[in-house]
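Engineer: Would you mind keeping the following structure in view while I ask a few things?
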Amino acid sequence: MPFAALCRLCGTFMIGQRRTEIVSRVRKHFQSAHDKFPQPDPIYLDMSDLEPNTVYLVNDSGTRYTFTSNLFCSKEYCIATITDIDYDKCSLGSRTQEHFKSRLKDYFPPL
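Each residue of the sequence shown is one higher than the one before, counting from 43 in my numbering.
What follows is the structure, encoded as structure tokens:
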């Protein structure tokens with residue numbers, strides 16, 4: 043199950059194929075960009091900490107559909123499950139923050 047994360051301090055998006063991968067990326071981002079560890083430390087989160095979140099998405103042909111994501115948000119970051127399609131589009135496409143934001147912003151509450 044792929045994941046995305048959003049830093050609520052600076053608006054940076056991250057992706058990971060597995061929970062351990064997204065946790066590592068969140069921790070590395072906070073260490074390099076903010077010179078601290080995120081609070082609470084995502085290494086201690088498990089799937090029971092994520093709550094169901096209905097996401098309204100539009101596919102490439104313009105068809106709207108809903109996806110039940112799982113979401114955890116703190117004051118500093120959010121982690122959400124995302125569709126395989128959005129993960130593939132982010133990991134195989136342009137890996138810019140603008141591209142990530144266009145694909146992933148609907149999974150998270152506004153900053």
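Glycine included, each C-beta is placed from N, C-alpha and C at the ideal position.
Everything numeric in this text was worked out from a predicted model, so none of it was measured.
#1: Please tell me whether R132 and I57 are closer than 8 angstroms, where the distance is taken between their beta carbons.
#2: For the alpha helix (DSSP H) holding R50, just list the boundary residues, first then last.
#3: Would you call the CB atoms of R50 and K117 closer than 8 angstroms?
#4: Is the distance from the Cβ of T110 to the Cβ of T125 below 8 angstroms?
#5: Taking 7 angstroms as the limit between beta carbons, can you name the residues of its chain near P80, skipping five residues before and five after?
#6: Between the C-alpha atoms of D175 and P82, what's the straight-line distance to the nearest angstrom?
#7: To the nearest whole angstrom, what separates the beta carbons of L134 and A122, a pair I think is in contact under 8 angstroms?
#8: In chain order, which beta strand (DSSP E) runs of at least 3 residues are fully inside the stretch 50-126?
#9: Between which two residues does the alpha helix (DSSP H) harbouring F142 extend?
#10: Within this structure, are the beta carbons of I64 and A47 separated by less than 8 angstroms?
Structural biologist: Reading from the atomic positions:
#1: The question names Arg, yet the displayed sequence has Cys at residue 132. Yes, the Cβ-Cβ distance between C132 and I57 is below 8 angstroms.
#2: Careful: R50 lies outside any alpha helix (DSSP H) and carries neither H nor E.
#3: yes
#4: no
#5: V68, R69, F72, E118, Y119
#6: The chain is shown only over 43 to 153; residue 175 falls outside these bounds and no answer can be derived.
#7: About 20 angstroms; that fails the 8 angstroms criterion.
#8: 55-58, 93-100, 106-115, 119-123
#9: 139-146
#10: yes
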